[in-house]
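In this text, residue positions in the sequence shown follow my numbering: the first is 12, and each later residue adds one.
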Amino acid sequence: MQELSMRCRVCAVVSSSGQLLKYEAGNEIDQADCVIRMNSAPVLGFEKHVGNKTTLRVSCFQSVHLVPANASLYEQAGKSALLGWGPPKDMDTKRGKAHRKLKLVSEMNRDLEVYMLTQERMGYSANVYKDETGKSLKASGTWLSTGWFSMLVAMEMCDVIKVYGLSSENYCKDHPNDTTTYHYYVSKLKEHGHKSKECDTYTSHQKTPNGAHRFFTEKAIFARWAPHHNVTFHYPSWSP
Numbered sequence: 012m013q014e015l016s017m018r019c020r021v022c023a024v025v026s027s028s029g030q031l032l033k034y035e036a037g038n039e040i041d042q043a044d045c046v047i048r049m050n051s052a053p054v055l056g057f058e059k060h061v062g063n064k065t066t067l068r069v070s071c072f073q074s075v076h077l078v079p080a081n082a083s084l085y086e087q088a089g090k091s092a093l094l095g096w097g098p099p100k101d102m103d104t105k106r107g108k109a110h111r112k113l114k115l116v117s118e119m120n121r122d123l124e125v126y127m128l129t130q131e132r133m134g135y136s137a138n139v140y141k142d143e144t145g146k147s148l149k150a151s152g153t154w155l156s157t158g159w160f161s162m163l164v165a166m167e168m169c170d171v172i173k174v175y176g177l178s179s180e181n182y183c184k185d186h187p188n189d190t191t192t193y194h195y196y197v198s199k200l201k202e203h204g205h206k207s208k209e210c211d212t213y214t215s216h217q218k219t220p221n222g223a224h225r226f227f228t229e230k231a232i233f234a235r236w237a238p239h240h241n242v243t244f245h246y247p248s249w250s251p
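What follows is the structure, given as structure tokens:
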């Protein structure tokens with residue numbers, strides 16, 4: 012697999028949040044030079060909210076495992092790129108299950124360029140987290156989200172970054188009765204063992220001692236990065 016060397020002037024980084032269902036930002040999102048999506052978030056049926064264009068999809072090993080069940084995501088995207096990430100056992104070029112699935116999706120879609128984060132880049136991402144928080148991933152009891160990797164990639168490849176559907180660190184505290192779903196494509200289903208309300212999910216992860224994401228922490232870091240990397244937040248709109 013080759014090295015990702017994409018450059019874009021304006022990028023739309025589209026979250027998977029149910030926040031996007033409150034707005035009709037699809038046309039605005041599609042006007043970006045490059046559109047970055049995450050994991051298995053679909054566009055079909057949600058075009059008026061999330062747009063139709065996909066330039067790069069950043070996908071964790073768990074979503075990669077869903078191939079070929081979610082193969083339509085890549086077929087609909089046309090000429091685009093997929094960047095997979097995951098732990099060594101899943102991404103190993105000889106025995107990793109996710110690596111095998113990445114090869115499969117590449118063979119199934121000739122218009123799709125497939126890449127994977129090397130373990131060196133995974134280590135770099137972990138070091139960035141440690142530099143920002145003062146704690147290693149192990150000490151924090153966390154593993155990084157796809158949103159984290161998407162932001163790091165965007166900061167390398169984009170001159171201007173517009174993030175869609177990402178609420179601020181304090182949103183849930185300021186909106187205690189908010190019922191926004193964790194993912195815009197999941198309604199009343201249970202997801203990851205708990206109700207799929209976004210704020211419930213964020214809070215649950217933040218309180219879990221080990222093996223969870225630190226969504227609020229990541230949001231706070233994104234806010235600190237924003238002035239230095241031309242990052243703005245839309246739908247909901249907020250300023251760091």
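For every residue, glycine included, the Cβ atom is placed at its ideal position computed from N, Cα and C.
Delimiting residues of the beta strand (DSSP E) encompassing residue i
{"i": "S70", "result": "L67 to C71"}
{"i": "F244", "result": "V242 to H245"}
{"i": "V197", "result": "Careful: V197 lies outside any beta strand (DSSP E) and carries neither H nor E."}
{"i": "D185", "result": "Counting along the chain, D185 falls outside any beta strand (DSSP E), though it belongs to the alpha helix (DSSP H) covering Y182 to D185."}
{"i": "Y175", "result": "C169 to Y175"}
{"i": "R20", "result": "C19 to V25"}
Coarse secondary structure for residue i, derived from DSSP in three states
{"i": "E124", "result": "strand"}
{"i": "S91", "result": "strand"}
{"i": "A109", "result": "helix"}
{"i": "H104", "result": "Contrary to the premise, residue 104 reads as Thr rather than His in this sequence. Three-state DSSP puts T104 in coil, outside helix and strand."}
{"i": "A231", "result": "helix"}
{"i": "W159", "result": "helix"}
{"i": "T192", "result": "strand"}
{"i": "T219", "result": "coil"}
{"i": "M49", "result": "strand"}
{"i": "D41", "result": "helix"}
{"i": "K64", "result": "coil"}
{"i": "W236", "result": "helix"}
Environment of residue i [buried if 16+ CB atoms lie within 10 Å]
{"i": "Y135", "result": "exposed"}
{"i": "H239", "result": "exposed"}
{"i": "H186", "result": "exposed"}
{"i": "N188", "result": "exposed"}
{"i": "R235", "result": "exposed"}
{"i": "E209", "result": "buried"}
Between the CA atoms of residue j and residue i - distance to the nearest angstrom
{"i": "N120", "j": "V69", "result": "16 Å"}
{"i": "V61", "j": "E143", "result": "30 Å"}
{"i": "H216", "j": "R18", "result": "33 Å"}
{"i": "E180", "j": "Y193", "result": "15 Å"}
{"i": "A36", "j": "N63", "result": "11 Å"}
{"i": "T219", "j": "K184", "result": "18 Å"}
{"i": "M102", "j": "F72", "result": "8 Å"}
{"i": "P99", "j": "Q130", "result": "7 Å"}
{"i": "K90", "j": "L148", "result": "35 Å"}
{"i": "L113", "j": "T66", "result": "17 Å"}
{"i": "R20", "j": "K141", "result": "29 Å"}
{"i": "E167", "j": "S250", "result": "22 Å"}
{"i": "V197", "j": "Y182", "result": "20 Å"}
Residue range of the unbroken alpha helix (DSSP H) whose run includes residue i
{"i": "R132", "result": "Q130 to T144"}
{"i": "A150", "result": "L148 to S151"}
Sufficient close CB pairs (3 or more, under 8 Å) joining the stretch 215 to 232 to the stretch 149 to 169: Judged by pairs of C-beta atoms under 8 Å, the stretch 215 to 232 touches the stretch 149 to 169, as three or more such pairs exist.
At least three beta-carbon pairs within less than 8 Å, the stretch 123 to 138 to the stretch 42 to 50: Output reads no: the stretch 42 to 50 does not touch the stretch 123 to 138.
Cβ contact check for the stretch 172 to 186 and the stretch 22 to 35: 3 or more pairs under 8 Å: By the Cβ test, the stretch 172 to 186 is in contact with the stretch 22 to 35, since at least three Cβ pairs between them sit closer than 8 Å.
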